[in-house]
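Structure record follows, encoded as structure tokens.
In full-length UniProt numbering, the protein residues as written are 1 to 201.
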């Protein structure tokens, strides 16, 4: 731990008290976990309080904990990690909140706090299916309009359900069941004759 990350972790614990479910300083990276109910309000304070001054949102990442620790994770399945930067203090924090309902995960949008959250939250929605309430334009951003499912969820099939291709006869893009054939990935070792013999040059 660096002195700077230790100071930030201590300040977060002191200022947010019980609202900070956990504050971890690991490898000079500080992560604070808050409840879904406190997520939006804590974000505003992280931006506005002069001792923090997190002016910039760098990224929002989705997380699916269903396979965490070989499936022994017993808490909420889906979370969003918001990565913040303070230019004033030159430090970073990861703010994490878990969606309370695994079957329909919802968290507050942070677009009104940091407008840069917009497309990141759309990506999290598209890839993980986490909804963001009060988002100004929540729709898919990476997959196609008619795409079914959320590709980064741990239970999403590796090869997907359907594939798309352009059909010249129909003159349009069509969807069809996935036609990926399994292939063997056995490594092939190629060596010259007498490889490793003494005196072989």
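The beta-carbon is built from N, C-alpha and C at its ideal position, and this holds for glycine as well.
query	result
Integer-rounded CB distance, given that residue 40 should sit under 8 Å from residue 95	Not a contact, Cβ separation roughly 11 Å.
Cutoff 7 Å; reference residue 21; Cβ partners in own chain excluding five residues on either side	33, 34 and 35
Local Cβ density within 10 Å of residue 90, reported as buried at 16 or more and exposed below that	exposed
According to DSSP, residues forming a beta bridge with residue 31	24 and 94
Beta-carbon proximity of residue 30 to residue 9, cut-off 7 Å	yes
Ranges of the alpha helix (DSSP H) found wholly within the region 131 to 161, counting only runs of at least 4	none
Endpoints, the beta strand (DSSP E) within which residue 78 is located	78 to 86
Neighbourhood of residue 56 by C-beta distance below 6 Å, restricted to the same chain and skipping five residues each side	85
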